[in-house]
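S.K.:
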Amino acid sequence: MHSWPSPTVPEIAGSGPALRLYDTSDAQVKPVAPGRVATMYVCGITPYDATHLGHAATYLAFDTVNRVLRDQGHDVHYVQNITDVDDPLFERAARDGIDWRDLGSGEIELFRADMTALRVLPPRDYIGAMESVDEVIDAVGKLLESGAAYVVDDAEYPDVYFRADATGVFGYESNYDRATMERFFAERGGDPDRPGKRDPIDALLWRAARPGEPSWEAPFGPGRPGWHIECSVIALNRLGEAFDIQGGGSDLIFPHHEYSAAHGEALAGQRRFARHYVHTGMIGLDGEKMSKSLGNLVKVSVLRAEGVDPAAVRLGLLSGHYRADRMWTAATLDEGVARLDRWRRAVALPTGPDAEATVERVRAHLANDLDTPKALDALDAWAGDALAGLGSSTEAPDRIAGVVDALLGVDLWAPQAG
Ligand code: 5CA
Ligand code: ZN
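Just add 617 to the spot in the sequence shown (first one is 1) and you have this note's numbering.
1) When you measure from the CB of residue 721 to every non-hydrogen atom of the ligand 5CA, does any distance come out below 8 angstroms?
2) Give every residue of the same chain whose Cβ lies closer than 6 angstroms to the Cβ of residue 942, excluding the five residues on either side of it in the sequence, and list them in chain order.
3) Give the residues whose C-beta lies closer than 5 angstroms to at least one heavy atom of the ligand ZN, in chain order.
4) Any idea if residue 1009 is buried or exposed, counting beta-carbon neighbours within 10 angstroms, 16 or more meaning buried?
5) Helix, strand or coil for residue 784? Go by DSSP, reduced to three states.
6) Answer yes if the segment 880-889 comes into contact with the segment 856-868, meaning at least three C-beta pairs across the two stretches below 8 angstroms, and no otherwise.
7) Tell me where the beta strand (DSSP E) around residue 692 begins and ends.
8) One question on the structure: do residue 940 and residue 1001 come within less than 9 angstroms of each other, judged by their Cβ atoms?
9) With C-beta atoms as the reference, is residue 754 less than 9 angstroms away from residue 699?
10) Pick from 922, 850, 763: whose alpha carbon is nearest that of residue 727?
11) Would you decide whether residue 873 is buried or exposed? Buried here means 16 or more other CB atoms lie within 10 Å of its CB.
12) Should residue 938 be listed as close to the ligand 5CA, given that the test is whether its C-beta is under 8 angstroms from any heavy atom?
13) Pick out whichever of 841, 822, 823, 837 has its Cα sitting closest to the Cα of residue 831.
14) From residue 809 to residue 703, what does the alpha carbon distance come to, in whole angstroms?
15) One question on the structure: do residue 1016 and residue 629 come within less than 9 angstroms of each other, judged by their Cβ atoms?
16) Between the C-alpha atoms of residue 717 and residue 977, what's the straight-line distance to the nearest angstrom?
17) Quick one: is residue 777 buried, meaning 16 or more other Cβ sit within 10 Å of its Cβ, or exposed?
18) For the ligand 5CA, any of its heavy atoms closer than 8 angstroms to the Cβ of residue 681?
19) Under the DSSP definition of a beta bridge, which residues are partnered with residue 949?
20) With distances taken from CA atoms, which of 680, 712, 696, 758 is nearest residue 736?
21) Opposite residue 742 in the DSSP bridges: which residues?
22) With 16 as the cutoff for other CB atoms within 10 Å, does residue 825 come out buried or exposed?
23) Does the count of Cβ pairs from the segment 687-699 and the segment 741-751 closer than 8 angstroms reach three?
24) If I measure Cβ to Cβ from residue 1012 and keep anything under 8 angstroms in the same chain, skipping five residues before and after, which residues do I get?
25) Considering only DSSP beta bridges, list what residue 802 is partnered with.
26) So what does DSSP say about residue 960, is it helix, strand or coil?
27) Quick one: any contact between the segment 666-675 and the segment 914-921, if contact means 3 or more CB pairs under 8 angstroms?
28) Return the CA-CA distance between residue 705 and residue 935, expressed in angstroms with no decimal places.
29) In the structure shown, what three-state DSSP assignment does residue 833 receive?
30) Assign residue 619 to one of two classes, buried (16 or more other C-beta atoms within 10 Å of its C-beta) or exposed (fewer than that).
31) Using 9 angstroms as the threshold, is the C-beta distance between residue 719 and residue 779 below it?
32) Apart from the five residues just before and just after residue 875, which ones in its own chain have a Cβ nearer than 6 angstroms to its Cβ?
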């Protein structure tokens, strides 16, 4: 699948300190410590509705990770999937009387346009579930062979399941107790009551063909991939085992990332699937998590159509810490708009206060578990001084604009939208 065009990232002098991020599994902030090539997988959209600000916040957080790693001199091999075969697509397409494939491709196109407008760096590999079916079939075959998977005793629908106890370390990613696992498993797409499973929390690997559902031929019977194995194989086959960062929203901590990891570990000889499990907080609206099922959405494409500058949306979302659950309000956007205006006016001045201390602070805050609120504060202080007429550096405005573009993805020279 093609991704979207890359914004230019200016080369900026110097480089930041090594990135440290909170790891859900180890429950602490620790160095990301990648080799020359940093490897990152972030779970992509299920394309049945338009990108909302929750999705945008998650992709902007990982875009900042990407930019900070590049600033430290790393190449970043970034992989993202698209869950383009799943129940929500079939349900929405049936409701709206359209083909689920057309629904998916239309929403993917809109997502590309939203990511382009937000100046998110594209993944190197952007892979749909449908494109990876052969990889899933190969993996499910291996898991059956090794005994990590089994076929339920059901002649009509011989679904394939993964044994949650196959790796012996199951649960290390979320650290949830059994009761919490059972609750989230049932709430987030699992099927604890499916007859024939050995354990209610064993997860679906291959769903045998049902009438009216798409299916692919496989040695263990026609069907379609389960959700977690899709992300396991797309990541493993491109980044290898023990890649640096597995990312997504906190709603994916369990079951999705626990099983993606367990499947990957059962396939690749038990080595820890990802070194770092990084999760973003949930963006909400009117007191509730923003979700397609609740319908309380602010869509990026709608804001764009209203003439809102995507750079202001970007600054609005980065003004909160990526791990915090937080609400999107009218004030969040107003502050983003006002900040963007101040920064643009400040870098348009012929002179400003010397930039180096500010640049150092911005880099240090970002390296410290992506503290974007403090990075924005440091830039506010510089812009405030510049606008007050302080400082006589003729290089500082360009230097600040370069740093804001490279690290925060905001082009302060761009003509204003809206
Ligand atoms: N296709 C799967 C992942 S393999 C999926 O969760 N798709 S999604 O469209 O529902 O979500 C896409 C990404 O946005 C995921 O990383 C998810 O964790 C994140 N996300 C969803 N809702 C929110 C929200 N309200 N706030 C922040 N992030 C969110
Ligand atoms: Zn995923």
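Where is the CB? At the ideal position from N, CA and C, for every residue including glycine.
Note that this is a predicted model, so its numbers are computed, not measured.
M.R.: In short, the structure shows the following:
1) In the sequence shown, residue 721 corresponds to position 104, counting from 1. No.
2) Stepping through the sequence shown from its first residue, residue 942 is reached at position 325. 898, 899.
3) Those residues are 660, 848, given in chain order.
4) Numbered from its first residue, the sequence shown carries residue 1009 at position 392. Answer is exposed; the Cβ neighbour count stays below 16.
5) In the sequence shown, the residue the question calls residue 784 occupies position 167. The answer is coil: DSSP assigns residue 784 none of H, G, I, E or B.
6) Yes: the two stretches touch, three or more of their Cβ pairs being nearer than 8 angstroms.
7) Translated into positions along the sequence shown, residue 692 becomes position 75. Segment 692-699, the beta strand (DSSP E) holding residue 692.
8) Within the sequence shown, the letter at position 323 stands for residue 940. Within the sequence shown, the letter at position 384 stands for residue 1001. Cβ atoms of residue 940 and residue 1001: not closer than 9 angstroms.
9) In the sequence shown, the residue the question calls residue 754 occupies position 137. In the sequence shown, the residue the question calls residue 699 occupies position 82. No; because the gap between Cβ atoms is not below 9 angstroms, this pair is not in contact.
10) Here the question's residue 727 lines up with position 110 in the sequence shown. The residue with the shortest Cα to Cα distance from residue 727 is 922.
11) Sequence index remark: in the sequence shown, residue 873 carries index 256 (1-based). So residue 873 counts as buried.
12) Within the sequence shown, residue 938 is the residue found at index 321, counting from 1. No; taking the cut-off as 8 angstroms, the Cβ of residue 938 has no heavy atom of the ligand 5CA nearer than that.
13) Working through the sequence shown from its first residue, we reach residue 831 at position 214. For the residues 841, 822, 823, 837, the minimum Cα distance to residue 831 belongs to 841.
14) Within the sequence shown, numbered from 1, the residue matching residue 809 stands at position 192. Within the sequence shown, numbered from 1, the residue matching residue 703 stands at position 86. Going by the C-alpha atoms only, they are around 18 angstroms apart.
15) Stepping through the sequence shown from its first residue, residue 1016 is reached at position 399. Stepping through the sequence shown from its first residue, residue 629 is reached at position 12. Yes, the Cβ-Cβ distance between residue 1016 and residue 629 is below 9 angstroms.
16) Numbered from 1 along the sequence shown, position 100 holds the residue referred to as residue 717. Numbered from 1 along the sequence shown, position 360 holds the residue referred to as residue 977. Taking C-alpha positions only, residue 717 is separated from residue 977 by approximately 49 angstroms.
17) Within the sequence shown, the letter at position 160 stands for residue 777. Classification for residue 777: buried.
18) Residue mapping note: residue 681 aligns to position 64 of the sequence shown, counting from 1. No, the Cβ of residue 681 stays beyond 8 angstroms of every heavy atom of the ligand 5CA.
19) For the purposes of this step, residue 949 is taken as residue 332 along the sequence shown, with counting starting at 1. Note: residue 949 sits in no beta bridge, so no partner.
20) Taking the sequence shown and counting its residues from 1, the one referred to as residue 736 is at position 119. Residue 680 is the option with its Cα nearest to residue 736.
21) In the sequence shown, residue 742 corresponds to position 125, counting from 1. Its beta-bridge partners are 696.
22) Along the sequence shown, one-based indexing puts residue 825 at 208. Around the Cβ of residue 825, a 10 Å sphere holds 16 or more other Cβ atoms; the residue is buried.
23) Contact between the segment 687-699 and the segment 741-751 is present: 3 or more CB-CB pairs across the two stretches fall below 8 angstroms.
24) Walking along the sequence shown from the start, residue 1012 turns up at place 395. Its chain contains 972 as the residues whose beta carbon lies nearer than 8 angstroms to that of residue 1012, once the 5 sequence neighbours on both sides are disregarded; these appear in chain order.
25) Mapped onto the sequence shown, residue 802 falls at position 185. Residue 802 pairs with nothing; no bridge assigned.
26) Stepping through the sequence shown from its first residue, residue 960 is reached at position 343. In this structure, residue 960 counts as helix in the three-state DSSP scheme.
27) Counting Cβ pairs under 8 angstroms, three or more are found: they touch.
28) Taking the first residue of the sequence shown as position 1, residue 705 is located at position 88. Taking the first residue of the sequence shown as position 1, residue 935 is located at position 318. Taking the CA atoms as reference points, residue 705 sits about 29 angstroms from residue 935.
29) Along the sequence shown, one-based indexing puts residue 833 at 216. Note: residue 833 maps to strand in three-state DSSP.
30) Mapped onto the sequence shown, residue 619 falls at position 2. The residue in question, residue 619, is exposed, as its Cβ has fewer than 16 Cβ neighbours within 10 Å.
31) Here residue 719 is taken as the residue at index 102 of the sequence shown, counted from 1. Here residue 779 is taken as the residue at index 162 of the sequence shown, counted from 1. If you check the CB distance, residue 719 and residue 779 do not come in under 9 angstroms.
32) Position 258 of the sequence shown, counted from the first residue, corresponds to residue 875. The residues are 790, 791.
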